[in-house]
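So the structure is just underneath, and the comments pick up after that.
Number of protein chains: 2
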Amino acid sequence: MSDGAQFRQVSPPVRLYQRIVEQIEEAIARGDLKPGQRLPSERELVAQFGASRPTVREALRVLESNGLVRSRQGDPNGPEILPFSSAGLTKEMTRLVQFDNVSMAELISFRMILDGSASLLAARLRSEEELSAMERTLAVMADAIEAGYEEFSKADVAFHEVVAQASRNSLIEVCNLVVRGAVLSLISDKLAHAPNSTALMRESLHHHREVLEAIRAQDGPAAARISRRDLYDYYAGYVPENEQGPLLALVDDEET
Amino acid sequence: MSDGAQFRQVSPPVRLYQRIVEQIEEAIARGDLKPGQRLPSERELVAQFGASRPTVREALRVLESNGLVRSRQGDPNGPEILPFSSAGLTKEMTRLVQFDNVSMAELISFRMILDGSASLLAARLRSEEELSAMERTLAVMADAIEAGYEEFSKADVAFHEVVAQASRNSLIEVCNLVVRGAVLSLISDKLAHAPNSTALMRESLHHHREVLEAIRAQDGPAAARISRRDLYDYYAGYVPENEQGPLLALVDDEET
DNA sequence: CGCTTGCAACTGGCCTGACCAGTAAGCTCA
DNA sequence: TGAGCTTACTGGTCAGGCCAGTTGCAAGCG
Chain A
90 MSDGAQFRQV
100 SPPVRLYQRI
110 VEQIEEAIAR
120 GDLKPGQRLP
130 SERELVAQFG
140 ASRPTVREAL
150 RVLESNGLVR
160 SRQGDPNGPE
170 ILPFSSAGLT
180 KEMTRLVQFD
190 NVSMAELISF
200 RMILDGSASL
210 LAARLRSEEE
220 LSAMERTLAV
230 MADAIEAGYE
240 EFSKADVAFH
250 EVVAQASRNS
260 LIEVCNLVVR
270 GAVLSLISDK
280 LAHAPNSTAL
290 MRESLHHHRE
300 VLEAIRAQDG
310 PAAARISRRD
320 LYDYYAGYVP
330 ENEQGPLLAL
340 VDDEET
Chain B
90 MSDGAQFRQV
100 SPPVRLYQRI
110 VEQIEEAIAR
120 GDLKPGQRLP
130 SERELVAQFG
140 ASRPTVREAL
150 RVLESNGLVR
160 SRQGDPNGPE
170 ILPFSSAGLT
180 KEMTRLVQFD
190 NVSMAELISF
200 RMILDGSASL
210 LAARLRSEEE
220 LSAMERTLAV
230 MADAIEAGYE
240 EFSKADVAFH
250 EVVAQASRNS
260 LIEVCNLVVR
270 GAVLSLISDK
280 LAHAPNSTAL
290 MRESLHHHRE
300 VLEAIRAQDG
310 PAAARISRRD
320 LYDYYAGYVP
330 ENEQGPLLAL
340 VDDEET
């Protein structure tokens with residue numbers, strides 16, 4: 090091989106539809122296009138981009154599948170710019186779980202990490218309103234124990250949601266949302282039909298109260314520890330014995 | 090309003106291209122289509138799905154943008170099924186950072202959480218080979234200090250990669266990858282031109298060694314603590330003073 | 001005068017058919 | 001046997017068209 094000239098990797102030609110996607114994505118990222126605003130009609134876009142309608146449509150379908158815009162047949166205002174949503178992230182995360190055979194143990198480990206960290210941060214950053222919001226969700230949980238698993242689960246989710254918000258970290262919030270959804274979609278029916286579900290719910294409520302008290306006391310490490318332990322108690326039964334190592338590591342090791 | 094009959098919400102009709110996407114996605118999820126295999130040609134798919142070519146193409150463009158398949162013009166074998174990649178997740182996560190204005194502080198907090206947890210788990214689960222792989226990357230880092238920031242950063246990334254793998258949790262691995270990429274893409278040039286970059290690199294290397302020793306000693310909490318502190322020292326300078334609270338919470342609170 | 005109704009002018013969803021450029025396998029010919 | 005060309009495909013893109021759905025407005029109704 091001769092030295093001297095350095096060659097760059099050649100890249101395949103960029104498809105036309107891709108450039109259209111890029112332009113619109115950039116416009117949204119720049120803020121030129123805000124949620125709720127409308128894109129010109131397809132035929133108008135054809136004129137502006139100088140491409141054919143199928144090409145423009147390919148671009149719109151990609152944007153649509155990414156959750157950036159939505160087209161409705163007959164709408165004279167044109168495609169709508171959608172507000173940001175974590176739907177795409179959720180889809181990708183779910184894909185990861187399906188194709189990359191992520192195990193239940195990994196999923197729950199991750200949830201313990203996220204939820205523990207959310208509690209830790211919430212303990213330091215929570216406002217008074219957030220504290221009372223947490224209290225309200227606990228009250229709803231208490232009432233829901235008799236209403237059945239469905240209701241209880243909804244209130245449970247709401248509590249964790251408030252905690253995640255109080256952590257002031259939207260990455261934690263979104264990832265937690267996604268992982269929680271993935272876990273529930275895998276075993277919610279098992280939980281619903283657990284023989285001793287009332288006892289489980291009661292215990293879970295108790296744990297949640299402890300977490301809340303730790304957050305109120307601004308004791309982050311305790312809040313984190315209790316959160317993780319709660320999740321462990323609640324879910325460990327659904328993880329094979331030989332995969333429980335990581336879960337135990339998360340419960341034990343942070344204790345002092 | 091009369092009571093009696095209850096009506097369900099009507100859902101918008103599912104677009105044709107969407108159903109094609111679903112079918113192909115399912116086939117991949119089921120394992121009927123494995124990476125490396127080929128899809129029939131567009132014209133063949135047109136026949137099989139009974140849809141027109143533009144419609145089939147819309148579906149293929151969506152799959153392509155999601156990283157599931159790749160089409161190459163002229164390839165007589167048809168579109169290729171791609172192996173799973175976290176590219177889609179990365180894209181979504183990047184979108185989250187861009188559109189949902191995630192701050193540098195949030196990004197680094199999240200990185201501290203992920204990396205700390207990875208170290209914690211790695212301390213318990215690491216194999217001997219992984220330990221020596223970590224050692225090798227540290228050796229490369231040491232050599233790279235003089236070669237400049239570029240090389241050093243690459244070795245640095247490799248170390249964290251090995252640790253993440255040793256945590257045996259692909260969710261941590263992927264999220265860490267993504268967040269690391271996002272952070273670096275935001276400030277890698279600043280790091281590269283830091284006035285005292287050599288000193289910084291030397292200190293970072295020292296911290297990494299400490300992490301490795303904690304992992305070797307199977308002391309998870311220590312490994313996690315040191316990981317977080319290392320990241321804090323390395324990146325805190327790029328976070329505004331008034332946003333450092335969460336970072337400090339992650340560094341301090343877990344110490345005992 | 002206010003409300004409903006029906007219509008018309010758009011919209012996007014989908015299709016047909018066509019042309020061009022790129023690829024690779026097979027064939028030809030030295 | 002091997003190098004080069006040909007050919008039969010591939011995907012990329014376009015033009016034009018039909019249908020169904022949405023909306024706004026104007027005409028018609030009470």
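Chains A and B, in that order, are what the protein sequence lines are. Mapped onto the numbering used here, the consecutive letters of the first sequence carry residue numbers 90 to 345. Mapped onto the numbering used here, the consecutive letters of the second sequence carry residue numbers 90 to 345. No residue lacks a Cβ here, since even glycine has one placed at the ideal position from N, Cα and C.
- Within the same chain, show all residues whose beta-carbon is closer than 7 Å to that of Leu-203/A, passing over the 5 residues directly before and after it, in chain order. Ile-261, Cys-264, Asn-265, Val-268
- Query: Using CA coordinates, which residue listed in Ala-313/B, Ala-118/B, Val-272/B is at the minimum distance from Asn-190/A?
  - Reply: Ala-118/B
- Message: Give me the residue from Ala-253/A, Leu-128/A, Gly-237/A with the minimum Cα distance to Ile-304/A.
- Response: Ala-253/A
- Query: Between Ser-198/A and chain B, is there a C-beta pair that is closer than 7 Å?
  - Reply: yes
- Query: Can you tell me the Cα-Cα spacing of Arg-346/B and Val-158/B, whole angstroms?
  - Reply: It is not possible to answer for residue 346/B, since the shown part of chain B is limited to 90 through 345.
- Item | Contact under 7 Å by Cβ, Gly-167/A with Pro-124/A | no
- Item | Cα-Cα separation between Leu-289/A and Asp-245/B, rounded to whole angstroms | 45 Å
- Task: Report buried or exposed for Val-103/B, applying the criterion of at least 16 other Cβ atoms within 10 angstroms of its Cβ.
- Result: exposed
- Task: Give a single yes or no on whether Gly-120/A has its beta carbon closer than 6 Å to a heavy atom of the ligand GTP.
- Result: Ligands displayed in this structure: none; no statement on the ligand GTP is therefore possible.
- Query: Phe-188/B CB to nearest chain A CB: under 7 Å?
  - Reply: yes
- Query: Using Cβ-Cβ distances below 8 Å, what residues of the region 270–289 of chain B are close to chain A?
  - Reply: none
- State yes or no: is the beta carbon of Ser-154/B nearer than 7 Å to at least one beta carbon in chain A? yes
- Query: By how many angstroms is the C-alpha of Glu-181/A removed from the C-alpha of Arg-37/A?
  - Reply: Shown here, chain A extends from 90 to 345; a query on residue 37/A therefore has no answer.
- Within the region 101–132 of chain A, ranges of the alpha helix (DSSP H) (whole runs, at least 4 residues): 105–119
- Item | Proximal residues to Ser-256/A (C-beta, below 6 Å), its chain only, five neighbours per side dropped | Ala-207, Leu-210, Ala-211
- Message: Let me confirm a value: Pro-284/B is counted as buried when at least 16 other C-beta atoms fall within 10 Å, else exposed. Which label applies?
- Response: exposed
- Task: Compare the C-beta of Ser-259/A with all C-beta atoms of chain B and state if any pair is closer than 7 Å.
- Result: yes
- How many angstroms separate the CA atom of Pro-101/A from the CA atom of Thr-144/A? 18 Å
- Item | Same chain, Cβ closer than 7 Å to Lys-352/A, neighbours up to 5 away in sequence not counted | As shown, chain A starts at 90 and ends at 345. That puts residue 352/A outside it, with no answer to give.
- Message: Spatial neighbours of Leu-185/A within its chain, please: C-beta separation below 8 Å, excluding the five flanking residues on both sides.
- Response: Val-191
- Classify Asp-319/A as buried or exposed, calling it buried when 16 or more other Cβ atoms lie within 10 Å of its own Cβ. buried
- Anyone know if the C-beta pair for Ser-174/B and Gly-156/B falls short of 7 Å? yes
- Query: Taking Met-230/B as the reference, which of Ala-222/B, Glu-219/B, Ser-242/B has the closest Cα?
  - Reply: Ser-242/B
- Query: Applying a beta-carbon distance threshold of less than 8 Å, which residues of chain A neighbour Arg-97/B?
  - Reply: Result: empty, since nearest Cβ-Cβ is about 19 Å, beyond 8 Å.
- So, is the C-beta of Arg-150/B closer than 7 Å to a C-beta in chain A? yes
- Message: Using only CA atoms, which one of Glu-235/A, His-282/A, Val-99/A lies nearest to Arg-291/A?
- Response: Glu-235/A
- Message: Could you pull the DSSP bridge partners for Arg-159/B from this structure?
- Response: Glu-169/B
- Item | Reduced DSSP category for His-295/A - H, G, I as helix; E, B as strand; rest coil | helix
- Task: Report, in whole angstroms, the separation of the C-beta atoms of Leu-336/B and Met-201/B, which I expect to be a contact under 8 Å.
- Result: 7 Å
- Output, in chain order, the set of chain B residues within a Cβ distance shorter than 9 Å of Phe-173/A. Arg-184, Leu-185, Phe-188, Asp-189
- Task: Can you tell me which of the three DSSP states Gly-139/A falls into?
- Result: coil
- Label Leu-339/B either buried or exposed according to how many other C-beta atoms from any shown protein chain fall within 10 Å of its C-beta, with 16 as the threshold for buried. buried
- Message: Counting only Cβ pairs nearer than 9 Å, list the residues of chain A close to Leu-178/B.
- Response: Leu-178, Glu-181, Met-182, Arg-184, Leu-185
- Within-7 Å CB hit, Pro-335/A to chain B: yes
- Other residues of its chain near Thr-179/A: CB distance less than 7 Å, five sequence neighbours each side excluded: Val-267, Gly-270
- Message: Quick check: is the beta carbon of Glu-147/B nearer than 7 Å to any beta carbon in chain A?
- Response: yes
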